[in-house]
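Participant: Residue numbers (full-length UniProt numbering): 1 to 309.
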Amino acid sequence: MFTTLFTHAACLDHDTGLGHPECADRLRAVLAALETEEFYMLERQEAPLATLEQLSRAHPREHIERILALVPEQEHAGIDADTVISPGSGEAALRAAGAVVAAVDAVASGHSRNAFCAVRPPGHHAEHEKAMGFCLFNNAAVGAYHARAAHGLQRVAVMDFDVHHGNGTQDIFQRDPDLLYCSTHQSPLYPGTGDAGEKGDYGNCVNAPLAAMSGSPEFRHAMTHIILPAIDHFKPDLLIISAGFDAHSRDPLAGLHLTDDDFAWATRKLGDLARTHCGARVVSVLEGGYNLRALASATAAHVRELMYC
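#1: Quick one: Cα of Thr16 to Cα of Val303, how far?
#2: Would a C-beta distance cut-off of 8 Å place Asn207 and Asp195 closer than the cut-off?
#3: On the three-state DSSP scale, how would you describe Cys309?
#4: With distances taken Cα to Cα, identify the nearest neighbour of Arg113 among Leu286, Thr299, Leu295, Val282.
#5: Would you mind sorting Pro72 into buried or exposed? The rule is 16 or more other CB atoms within 10 Å of its CB.
#6: Between the C-alpha atoms of Pro60 and Ile240, what's the straight-line distance to the nearest angstrom?
#7: Bridge partners of Asn207, per DSSP?
#8: Using only alpha-carbon positions, find the residue among Asn138, Leu258, Thr169 that is nearest to Gly215.
#9: Under DSSP, the alpha helix (DSSP H) around Gln54 begins and ends at which residues?
#10: Have a look at Ala93 and Arg57 and give me their C-alpha separation to the nearest angstrom.
#11: My output table needs one value for Cys23: the three-state DSSP class, helix, strand or coil.
#12: On the CB-based measure, 16 or more other CB atoms within 10 Å of its CB, does Pro53 come out buried or exposed?
#13: Ordered along the chain, which non-local residues of its own chain (more than five positions away) have a Cβ less than 6 Å from that of Ala106?
#14: Looking only at C-alpha atoms, which of Cys182, Tyr202, Gly166, Tyr181 sits nearest to Tyr190?
#15: Quickly, what does DSSP pair Phe6 with across the bridge? List them, please.
#16: So, with DSSP's three-state summary, where would you put Lys269?
#17: Can you tell me whether Gly78 is buried or exposed? The criterion is at least 16 other CB atoms within 10 Å of its CB, across all chains shown.
#18: Where does Leu286 sit, in a helix, a strand or coil, going by DSSP?
#19: Can you give me the start and stop residues for the alpha helix (DSSP H) that Leu68 sits inside?
#20: Need the endpoints of the alpha helix (DSSP H) that Asp171 sits in, please.
#21: Spell out a yes or no on whether the region 291 to 301 and the region 19 to 39 are touching, meaning 3 or more CB-CB pairs, one atom from each, closer than 8 Å.
#22: Who are the near neighbours of Glu43 in its chain, counting only those whose CB is closer than 8 Å to its CB and skipping five residues on each side?
#23: For Val107, report the span of its alpha helix (DSSP H) as first-last.
#24: For Leu210, tell me which candidate among His164, Gly133, Gly200 has the shortest Cα-Cα distance.
#25: With C-beta atoms as the reference, is Leu238 less than 8 Å away from Ala147?
#26: Specify the secondary structure class of Asp160 as computed by DSSP and reduced to three states.
The following block contains the structure:
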């Protein structure tokens, strides 16, 4: 079994406008990093379009249709001050969610050992009925519900190491005891959620906020003493990683100081838990990361570890 990379050229057509940090060059940088010789063993697959049925497990159908109806025929439109869409955004969003669906199929069927979805727009800020923070649909949540509906993988954990708290995933998961959301993130920072006291209705939201200027020691302490024990106790049938790399020391949108080695270490530790509890089934999906060189090198470190998990 291989590590499979899911992506699609349509994700480059989500045009957010001049100067926007969540731009197509992010995905180009990631894909270029994964084209080097050490990644020749990656199996590569095109992301399919997510169906309305698949999306509607995480979002109301009326909300999905409303977001897709906002996609302009030309130029740009704004969902909010940060979330900009263009004529190519609808297909890009459907491919991004569809990548995670296909990745879940691949690991659940045993075709792939694990998978990485190199897609955009990202998803972890997208709430049950609200698109925000560069995100249209919640890709990780769509994948989690698909794992349950299509493969009977009832207990799904999402670990989110993006520098921004995944308010959307928490919003969707917090009332379901068989879904676990775990997050390390800088606080205070956008979107203003993710306090350690936010635990979900069943204690199924585990937040480990980090102060600005925190680095490797603080991150690894939070992972070792808060996040990894929570996942170990939950015993998931599938582990999804919301892989944002904007906690990197070179990222311009935040103030944590992680390195490529930290992302590799976290991936390795999560892989160990996946082998223990869920047959090594891991699906990772790209979230943030806005310094192109840091994004490329950190993603390479992450995928390298997935290949050897």
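No residue lacks a Cβ here, since even glycine has one placed at the ideal position from N, Cα and C.
Facilitator: Answer, in terms of the structure:
#1: For Thr16 and Val303, the distance between alpha carbons rounds to 26 Å.
#2: yes
#3: In this structure, Cys309 counts as coil in the three-state DSSP scheme.
#4: Val282
#5: exposed
#6: 22 Å
#7: Partner(s): Ser183.
#8: Leu258
#9: Per DSSP, Gln54 belongs to the alpha helix (DSSP H) from 52 to 55.
#10: Distance between the alpha carbons of Ala93 and Arg57 is about 16 Å.
#11: coil
#12: According to the sequence as given, residue 53 is Glu; it is not Pro. Glu53 is exposed by the Cβ-count criterion.
#13: Taken in chain order, the residues that qualify are Thr4, Ser112, Ala115.
#14: Gly166
#15: Gln45, Cys117
#16: helix
#17: The residue is exposed, with fewer than 16 neighbouring Cβ atoms inside 10 Å.
#18: Looking at Leu286 - three-state DSSP - the assignment turns out to be strand.
#19: 61 to 69
#20: 167 to 173
#21: yes
#22: Phe2, Thr3, Thr4, Leu5, Ser112
#23: 89 to 109
#24: His164
#25: yes
#26: Reduced to three states, the DSSP call for Asp160 is strand.
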